[in-house]
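J.: Pasting a structure here, questions to come.
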Amino acid sequence: MKTYTKFLVTGFVKSFLNVFLVMTCLVFILNILKEIEFFSTKEVNSFYPIYLSIMSSPSIIFEMFPFIFLIGTQFFFIKLFNNDEINIFKYSGLKNIKIINILSLVSFLIGILTITVFYSLSSNLQHYYIQIKNQFSEDKIYLAVINKNGLWIKDVVDDQVSIINSSKVNNNFLTNTFITTFDKEFNLVESISSDKIDIKKNEWLIYDATIFKDNVSHKIDLLKFRSNFDQKRIESLFSNLSSLSLLKLIDLRKNYKSLNYSTVDVDMQIYKIATYPLFLVIMTILSSIIMLNTKKSNSKVIKIIIGLFFSVVIYYINNLFNVMGSTEKIPLMVSVWTPIIFLALVNLIMLININEK
């Protein structure tokens with residue numbers, strides 16, 4: 034490795050780690066305050082808020098990585114400007130585009146480590162965080178999961194426990210469903226079978242129900258069944274995909290397809306992870322361009338404000354396309370790639386004459 038390459042890589046990694054550590058501390062402090070508020074009415078060990086904050090922080094940090102790269106790159110260039118090292122490189126024949134290429138390569142490699150190591154760690158910690166947090170939730174007696182055998186729900190109403198299994202979900206309808214109800218001593222009360230159940234509201238409408246009770250079966254055209262779950266609640270239970278690793282997301286997608294459940298949110302999370310290194314590279318290039326174009330400005334504050342402004346704009350652009358993609362207003366691939374392609378084109382345009390800066 035050439036001396037200037039080693040110097041640039043070392044300086045860039047140090048700037049990135051400094052911003053990463055500062056952001057981690059801020060996120061950790063905010064999480065502690067949130068957990069303290071949550072446990073304020075519960076009798077638990079004082080260690081719980083700290084413990085849960087440690088587990089939930091990496092997932093938040095993962096979402097902030099693009100902006101950590103942007104700000105970290107800014108601080109890296111500020112150091113180069115302060116020591117007049119950027120001009121030394123220029124006079125030595127090292128062009129600005131070469132510096133950007135080196136930083137982009139480092140960003141891409143860190144991005145690969147981020148999705149293979151950091152994301153796996155953060156998703157596992159987030160999974161345990163949700164499990165522990167649910168123990169203190171008022172809804173801990175309820176449960177809903179999706180696996181290769183379909184949708185499974187454990188529901189408790191009026192001291193009766195219902196185990197519900199459905200092989201298909203079609204909007205607000207469950208199909209091919211079997212409900213088994215037990216009393217509080219787990220003695221069998223009755224079983225219900227139906228090919229069509231409307232779950233739009235908490236009072237389910239079971240069509241053409243077959244009821245099995247005391248070894249006798251009979252049919253009812255329409256049966257009302259009260260539940261703590263409705264369509265909206267069931268859909269929200271599977272919205273926290275940050276607690277799943279990439280392999281678990283792929284398995285979940287297979288289970289969703291077998292259940293006829295929408296895979297849009299899972300697909301978006303998978304595409305987001307897959308394109309993450311590229312997005313980090315684009316943010317690094319954008320930050321480099323901003324700094325090289327504002328090199329003549331002596332105000333560090335102005336440079337940081339410009340970076341923060343672009344961070345906010347990019348965040349809202351990304352969020353807009355994510356919402357449009359998740360609600361299927363536009364194709365999923367369009368929602369994922371449009372912000373990346375747009376930012377890449379902006380970078381290409383701004384890279385023109387960058388060596389003269």
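If you read the sequence shown in this note's numbering, its first letter stands for residue 34, the second for the next number, and so on. Every residue, glycine too, gets a C-beta built ideally from N, C-alpha and C. Note that the structure is predicted; figures quoted are calculated from it, not measured.
I need the DSSP call for residue 232, collapsed to helix, strand or coil.
T.: Looking up residue 232 in the sequence shown gives position 199. It is coil, neither helix nor strand.
J.: Take the Cβ of residue 126 as the centre, count every other Cβ of all protein chains shown within 10 Å, and call the residue buried at 16 or more, exposed below.
T.: Numbered from its first residue, the sequence shown carries residue 126 at position 93. Exposed: under 16 other Cβ atoms inside 10 Å.
J.: Ordered along the chain, which non-local residues of its own chain (more than five positions away) have a Cβ less than 8 Å from that of residue 257?
T.: For the purposes of this step, residue 257 is identified with residue 224 of the sequence shown, where counting begins at 1. Result list for residue 257: 236, 237, 238 and 239, in chain order.
J.: Between residue 321 and residue 106, what straight-line distance do the alpha-carbon atoms span, to the nearest angstrom?
T.: Position 288 of the sequence shown holds residue 321. Position 73 of the sequence shown holds residue 106. Spanning the two alpha carbons is a distance of roughly 7 Å.
J.: Between residue 179 and residue 195, is the Cβ-Cβ spacing less than 7 Å?
T.: Numbered from its first residue, the sequence shown carries residue 179 at position 146. Numbered from its first residue, the sequence shown carries residue 195 at position 162. No, the pair does not count as a contact, with Cβ atoms beyond the cut-off.
J.: Please name the residue, chosen from 370, 193 and 284, that lies closest to residue 309 on a Cα-to-Cα basis.
T.: The residue given as residue 309 occupies position 276 in the sequence shown. Out of 370, 193 and 284, 370 has the C-alpha closest to the C-alpha of residue 309.
J.: With distance defined between alpha-carbon atoms, name the residue in 202, 283 and 193 nearest to residue 222.
T.: In the sequence shown, the residue the question calls residue 222 occupies position 189. Among 202, 283 and 193, the Cα nearest to that of residue 222 belongs to 193.
J.: With distances taken from CA atoms, which of 250, 208 and 143 is nearest residue 185?
T.: Within the sequence shown, numbered from 1, the residue matching residue 185 stands at position 152. The option with the nearest alpha carbon to residue 185 is 208.
J.: Suppose you measure from the CA of residue 297 to the CA of residue 152; what does that come to, to the nearest Å?
T.: The sequence position of residue 297 within the sequence shown is 264, counting from 1. The sequence position of residue 152 within the sequence shown is 119, counting from 1. Near 20 Å, if we compare the C-alpha coordinates of residue 152 and residue 297.
J.: Where are the alpha helix (DSSP H) runs, 4 residues long or more, that stay fully inside the segment 321 to 372, in chain order?
T.: Correct list: 333 to 359.
J.: So, at 8 Å on beta carbons, what are the nonlocal neighbours of residue 295 in its own chain, with the 5 sequence-adjacent residues on each side left out?
T.: Numbered from 1 along the sequence shown, position 262 holds the residue referred to as residue 295. Excluding residues within five positions, the ones whose Cβ falls inside 8 Å are 289.
J.: Given a threshold of 16 other Cβ atoms within 10 Å of its Cβ, counted over all protein chains shown, does residue 191 qualify as buried or as exposed?
T.: Along the sequence shown, one-based indexing puts residue 191 at 158. It is exposed - the Cβ of residue 191 has fewer than 16 other Cβ atoms within 10 Å.
J.: Rounded C-beta distance between residue 327 and residue 336? I'm assuming under 8 Å.
T.: Along the sequence shown, one-based indexing puts residue 327 at 294. Along the sequence shown, one-based indexing puts residue 336 at 303. At roughly 5 Å, the Cβ-Cβ gap stays under 8 Å, so residue 327 and residue 336 are in contact.
J.: Looking only at its chain, what residues have a beta carbon closer than 8 Å to the beta carbon of residue 51, apart from the 5 residues adjacent to it on each side?
T.: On the sequence shown, position 18 is the one that residue 51 refers to. Here the set comprises 105 and 108.
J.: Would the segment 112 to 121 count as touching the segment 354 to 362 if we require 3 or more Cβ pairs under 8 Å?
T.: Taking 8 Å as the limit for Cβ pairs, the verdict is that the segment 354 to 362 does not touch the segment 112 to 121.
J.: So, residue 292 versus residue 183, is the Cβ gap smaller than 7 Å?
T.: Stepping through the sequence shown from its first residue, residue 292 is reached at position 259. Stepping through the sequence shown from its first residue, residue 183 is reached at position 150. The answer is yes: Cβ separation under 7 Å.
J.: Could you tell me the distance, in whole angstroms, from the CA atom of residue 366 to the CA atom of residue 304?
T.: Sequence index remark: in the sequence shown, residue 366 carries index 333 (1-based). Sequence index remark: in the sequence shown, residue 304 carries index 271 (1-based). Roughly 8 Å separates the two Cα atoms.
J.: Less than 7 Å between the beta carbons of residue 161 and residue 89, yes or no?
T.: Residue numbering aside, residue 161 sits at position 128 when the sequence shown is read from its first letter. Residue numbering aside, residue 89 sits at position 56 when the sequence shown is read from its first letter. No. Outside cutoff.
J.: Is residue 116 near the ligand HEM, judged by its Cβ being under 6 Å from some heavy atom?
T.: Within the structure as shown, the ligand HEM is missing, as the structure has no ligands at all.
J.: Once the 5 residues before and after residue 197 are set aside, which same chain residues still bring their CB inside 6 Å of it?
T.: What you label residue 197 is simply residue 164 of the sequence shown in a count that begins at 1. Cβ neighbours of residue 197 beyond the five flanking positions: 186 and 212.
J.: Any idea if residue 249 is buried or exposed, counting beta-carbon neighbours within 10 angstroms, 16 or more meaning buried?
T.: On the sequence shown, position 216 is the one that residue 249 refers to. So residue 249 ends up on the exposed side.
J.: DSSP puts residue 203 in a beta bridge; with which residues?
T.: For the purposes of this step, residue 203 is identified with residue 170 of the sequence shown, where counting begins at 1. 206.
J.: Alpha carbon to alpha carbon, how far is residue 253 from residue 83?
T.: Indexing the sequence shown from 1 puts residue 253 at position 220. Indexing the sequence shown from 1 puts residue 83 at position 50. Rounded to whole angstroms, residue 253 to residue 83 spans 53 Å at the Cα level.
J.: Inspect the beta-carbon positions of residue 317 and residue 102 and report whether they are closer than 7 Å.
T.: The sequence position of residue 317 within the sequence shown is 284, counting from 1. The sequence position of residue 102 within the sequence shown is 69, counting from 1. Yes, they are a contact pair.
J.: Quick one, are the C-beta atoms of residue 314 and residue 137 less than 7 Å apart?
T.: In the sequence shown, counting from the first residue as 1, residue 314 sits at position 281. In the sequence shown, counting from the first residue as 1, residue 137 sits at position 104. Cβ distance < 7 Å, so residue 314 and residue 137 count as in contact.
J.: Suppose the cutoff is 6 Å on Cβ atoms and the five residues either side in sequence are ignored; what does the same chain contact list for residue 376 look like?
T.: The residue given as residue 376 occupies position 343 in the sequence shown. For residue 376, where only same-chain residues beyond five positions count, the Cβ hits under 6 Å are 315.
J.: Give me the DSSP bridge partner(s) of residue 385.
T.: Along the sequence shown, read from residue 1 onward, the residue named residue 385 stands at position 352. Residue 385 pairs with nothing; no bridge assigned.
J.: Does DSSP put residue 76 in a helix, in a strand, or in coil?
T.: One-based indexing of the sequence shown puts residue 76 at position 43. Residue 76 falls in the coil class under three-state DSSP.
J.: Taking only three categories from DSSP, how would you classify residue 183?
T.: Position 150 of the sequence shown holds residue 183. Reduced to three states, the DSSP call for residue 183 is strand.
J.: Compute the beta-carbon to beta-carbon distance between residue 36 and residue 135, rounded to the nearest angstrom, for a pair I have assumed lies under 8 Å.
T.: Here residue 36 refers to the residue found at position 3 of the sequence shown. Here residue 135 refers to the residue found at position 102 of the sequence shown. That pair is no contact at about 12 Å.
J.: Is it right to say residue 283 is buried, meaning 16 or more other beta carbons lie within 10 angstroms of its own, or is it exposed?
T.: Position 250 of the sequence shown, counted from the start, is the residue given in the question as residue 283. Exposed.
J.: Go ahead and label residue 164 buried or exposed: buried means 16 or more other beta carbons lie within 10 angstroms of its beta carbon, across all protein chains shown.
T.: As a working mapping, residue 164 is identified with position 131 in the sequence shown. Its Cβ having fewer than 16 others within 10 Å, residue 164 is exposed.
J.: To the nearest angstrom, how far is it from the Cα of residue 47 to the Cα of residue 381?
T.: If you number the sequence shown from 1, residue 47 lands on position 14. If you number the sequence shown from 1, residue 381 lands on position 348. Those two C-alpha atoms are separated by around 27 Å.
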